[in-house]
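Using the numbering used here, the first residue of the sequence shown is number 2, and each one after it goes up by one.
Glycine is no exception: its CB is placed at the ideal position from the N, C-alpha and C atoms.
I have placed the structure first, in the form of structure tokens, so that the comments after it can refer back to it.
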Amino acid sequence: MTTEHNQRSNFVFAPPADNPAAWQASLETFRNALERDFPGAFLEANTSALRGFTVLDFEIEVAPDVYVTGTSAMPTADYAYISIIEASADEAAAFAVWLRDSYVPSPASVRFMSSFVMENGDETPWHLPATGDPTDVAAVMREHLAAAGAE
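Set out below in structure tokens:
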């Protein structure tokens with residue numbers, strides 16, 4: 002039995018390492034984008050226990066009956082990350098396509114990693130495809146997981 006569609010991991014999305022200010026993001030603009038595109042989204046600002054700055058926790062329905070839960074941290078214009086918690090590649094891809102196409106200023110400005118791959122010793126971020134639908138992006142995310150033996 003294959004587990005390729007069942008592997009769950011935390012996925013982290015961030016701007017390019019060589020241009021951390023590429024997104025020019027803030028929690029306010031991210032919140033506004035989530036409210037605009039995901040009516041009924043659960044959004045809650047909290048203080049990060051690790052770093053002491055404000056983060057935005059969220060739960061959104063990225064496709065019919067497909068929900069993702071995550072946290073975003075954007076304390077300065079040159080520091081941003083968004084994490085999706087315990088998601089399959091398909092769920093994370095649905096969010097990633099929205100992020101790439103509706104929030105960040107350039108589709109080539111998103112890189113990602115997964116906790117599963119990091120736990121297996123690889124901390125090299127992958128670039129999110131600049132084009133493609135959620136199915137195409139999910140295939141890349143599954144390839145990322147498989148590179149560390151998840152599949």
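**OP:** Tell me whether residue 124 is buried or exposed, calling it buried when 16 or more other Cβ atoms sit within 10 Å of its Cβ.
**Re:** Numbered from its first residue, the sequence shown carries residue 124 at position 123. Flag for residue 124 reads exposed.
Original post:
Looking at C-beta atoms only, is the number of pairs between the region 46-56 and the region 124-136 that lie closer than 8 Å three or more?
Top reply: no
Subject >> CB of residue 69 within 7 Å of CB of residue 96, strictly >> reply: Reading the sequence shown from its first residue, position 68 is the one you call residue 69. Reading the sequence shown from its first residue, position 95 is the one you call residue 96. For residue 69 and residue 96, yes; Cβs fall inside 7 Å.
Subject >> Close-in-space but distant-in-sequence residues of the same chain around residue 90 (CB under 6 Å, 5 per side omitted) >> reply: Translated into the one-based positions of the sequence shown, residue 90 becomes position 89. Hits under 6 Å: 139, 142 and 143.
Original post:
Considering residue 116, what are the terminal residues of the alpha helix (DSSP H) in which it resides?
Top reply: Mapped onto the sequence shown, residue 116 falls at position 115. Where residue 116 is concerned, the enclosing alpha helix (DSSP H) stretches over 116-120.
Original post:
Along the chain, where does the beta strand (DSSP E) that runs through residue 87 open and close?
Top reply: For this step, residue 87 is matched to residue 86 along the sequence shown. 80-88 is the extent of the beta strand (DSSP E) around residue 87.
Original post:
Near residue 151, what residues of its chain come up, given a Cβ to Cβ distance below 7 Å and the 5 sequence neighbours on each side ignored?
Top reply: Counting from one through the sequence shown, the residue named residue 151 turns up at place 150. At residue 151 the pLDDT is 49, less than 50, meaning the model places this residue with poor confidence and gives no usable figure here.
Subject >> Cβ-based neighbour list, residue 79, same chain, cut-off 6 Å, excluding 5 preceding and 5 following >> reply: Numbered from 1 along the sequence shown, position 78 holds the residue referred to as residue 79. Once the five neighbours on either side are set aside, the close Cβ partners of residue 79 are 21 and 22.
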